[in-house]
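Residue numbers -19 to -1, 1 to 323, in mature numbering (1 follows the signal peptide of the UniProt record, and there is no 0), belong to the letters of the sequence shown in order.
Built from N, CA and C at the ideal position, the CB exists for glycine as well.
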Amino acid sequence: MKKIIVLLTLLVCSLSAIGADMSNGADNFYSSDDLTVQKVNFKNQYQMNVAGNLFIPKKLNGKTRNPAIVVGHPMGAVKEQSANLYATKMAERGFVTLSLDLSFWGESEGRPRNAVSPDIYAEDFSAAVDFLSAQPFVDKERIGAIGICGSGSFVISAAKIDPRMKAIATVSMYDMGGVNRNGLKHSQTLEQRRAIIAQATQQRNVEFAGGETLYTSGTVHQLDDNTHPIQREFYDFYRTPRGEFTPSGSSRDLTTHPTLTSNVKFMNFYPLNDIETISPHPMLFIAGADAHSREFSEQAYKLAGQPKELVIIPGAGHVDLYDRVNLIPFDKLTTFFQSALK
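Laid out in structure tokens, this is it:
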């Protein structure tokens, strides 16, 4: 069995968990009879197959061209976790939507599995725009994108060089570069950063020589009395029936865990640099008032050009906005995209 290595003390765990918290309308696997859902595949610029789900309202006028939205899943997740829910809810509101698996994850291509490549992740969003633009019922001038958690930083990275994305919304955004370099609230020291890099580079030598692949971070598999509250929050989604999903070809042991040697590539990822160049395309940042990741949405909002809006959801944490439909502001997302993609 391939081994998962843990870098942060907050990831240490040993006991099994309690059941899923299904409050506030948690409904990750929601589906709708009002939509047609098609599995699709398309090539990114690196000729890798990207897998997605295309959601089409049954009442859609196929003889006209309609607005569309690409939806990206949280980092370490797959489209069946949060992205499909958002795509379904927005399709119910009249948009053509496309959830996608980022390369190296889920049903998309890429080896090794669970590899980190921020550039390719961003490319996948552009490839999704390529695909949607080619559909006869989609208006290629009215395509937007939603990035959830880590995908919030990937879609920003993509939109800076792909103005075909006419409007960008992020939800519970993680700056995957900033958090890997600095930790939450800049709690990681330079010495700790160097130790992480050294461990990853030493592991490259091991794997080049044929040694086993190691994995890092992600969500713990068991809880004990010392499990960090942030890990408990992620556990309740990723390790219980609330949101747990293991894609074909993977295993529960590996879900959410990127490879150790590739995860350091986030150290060179600066998605918020030049974010103001996305203007004049509008940006909407949504974060929970109680979210440990709130700092990233606030920083992105501060740096972004106009028009922009920051929406803080009272009583919501980071993971709450993955699937709790009583907290997710779908009405706000609808009016934002209706206005931006009119």
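Supposed close pair residue i, residue j - CB separation, criterion 8 angstroms
{"i": "I149", "j": "H262", "result": "7 angstroms"}
{"i": "D2", "j": "V306", "result": "Contact flag wrong, Cβ pair sits at about 14 angstroms."}
{"i": "L291", "j": "Y282", "result": "4 angstroms"}
{"i": "M154", "j": "S274", "result": "7 angstroms"}
{"i": "residue 324", "j": "P48", "result": "Lying outside -19 to 323, the shown extent of the chain, residue 324 is not represented and no answer is given."}
{"i": "E188", "j": "T194", "result": "6 angstroms"}
{"i": "V110", "j": "R145", "result": "5 angstroms"}
{"i": "N5", "j": "N34", "result": "Incorrect: roughly 25 angstroms between the Cβ atoms, too far for contact."}
{"i": "F226", "j": "V59", "result": "6 angstroms"}
{"i": "Y27", "j": "I101", "result": "6 angstroms"}
Beta-bridge pairing of residue i - partner residues as DSSP gives them
{"i": "L253", "result": "In DSSP, L253 forms no bridge with anything."}
{"i": "F23", "result": "V31"}
{"i": "S80", "result": "N34 and V52"}
{"i": "K289", "result": "M264"}
{"i": "R305", "result": "A7"}
{"i": "T151", "result": "G128 and F266"}
{"i": "residue 335", "result": "Residue 335 falls outside the range modelled here, since the chain spans only -19 to 323, and no answer is possible."}
{"i": "N47", "result": "V119"}
{"i": "I294", "result": "G269"}
{"i": "M146", "result": "I124"}
{"i": "T240", "result": "Y196"}
Distance CB(residue i)-CB(residue j) smaller than 7 angstroms
{"i": "L83", "j": "D105", "result": "yes"}
{"i": "A68", "j": "F118", "result": "no"}
{"i": "S132", "j": "H54", "result": "yes"}
{"i": "G224", "j": "F218", "result": "yes"}
{"i": "I259", "j": "A108", "result": "no"}
{"i": "A72", "j": "L113", "result": "no"}
{"i": "V31", "j": "L81", "result": "yes"}
{"i": "R74", "j": "D120", "result": "no"}
{"i": "I50", "j": "F23", "result": "no"}
{"i": "K289", "j": "M248", "result": "no"}
{"i": "Y251", "j": "G158", "result": "yes"}
{"i": "A115", "j": "F135", "result": "no"}
{"i": "L284", "j": "I256", "result": "yes"}
{"i": "V245", "j": "I178", "result": "yes"}
Local Cβ density within 10 Å of residue i, reported as buried at 16 or more and exposed below that
{"i": "F277", "result": "buried"}
{"i": "Q203", "result": "exposed"}
{"i": "A181", "result": "buried"}
{"i": "H167", "result": "exposed"}
{"i": "D205", "result": "exposed"}
{"i": "G87", "result": "buried"}
{"i": "N25", "result": "buried"}
{"i": "Q184", "result": "buried"}
{"i": "K40", "result": "exposed"}
{"i": "D156", "result": "buried"}
{"i": "E61", "result": "buried"}
{"i": "N207", "result": "exposed"}
{"i": "G(-1)", "result": "exposed"}
{"i": "G43", "result": "exposed"}
{"i": "S232", "result": "exposed"}
{"i": "Q287", "result": "exposed"}
{"i": "G57", "result": "buried"}
{"i": "R92", "result": "exposed"}
{"i": "R220", "result": "buried"}
{"i": "R175", "result": "exposed"}
{"i": "K70", "result": "buried"}
{"i": "N186", "result": "exposed"}
{"i": "D14", "result": "exposed"}
{"i": "K272", "result": "Position check: residue 272 holds Ala in this sequence, whereas Lys was assumed. Buried, by the Cβ-count rule."}
{"i": "residue 326", "result": "For residue 326 there is no data in the structure shown, the boundaries of the chain being -19 and 323."}
{"i": "S89", "result": "buried"}
{"i": "G320", "result": "Strictly speaking, residue 320 in this sequence is Ser, with Gly absent from that position. Exposed: under 16 other Cβ atoms inside 10 Å."}
{"i": "D301", "result": "buried"}
{"i": "L322", "result": "buried"}
{"i": "L171", "result": "exposed"}
Short CB-CB distance (under 7 angstroms) between residue i and chain E
{"i": "W86", "result": "Absent from the structure is chain E; it holds one protein chain and no more."}
Inset, instruction - Kindly confirm or deny that the stretch 150 to 169 and the stretch 120 to 134 touch, where touching means at least three C-beta pairs closer than 8 angstroms. - result: yes
Legend entry - Validate contact between the stretch 92 to 111 and the stretch 239 to 257 using beta carbons, cut 8 angstroms, 3 pairs: yes
Inset, instruction - Pair every Cβ in the stretch 295 to 305 with every Cβ in the stretch 264 to 271, then say whether three or more of these pairs are closer than 8 angstroms. - result: Contact between the stretch 295 to 305 and the stretch 264 to 271 is present: 3 or more CB-CB pairs across the two stretches fall below 8 angstroms.
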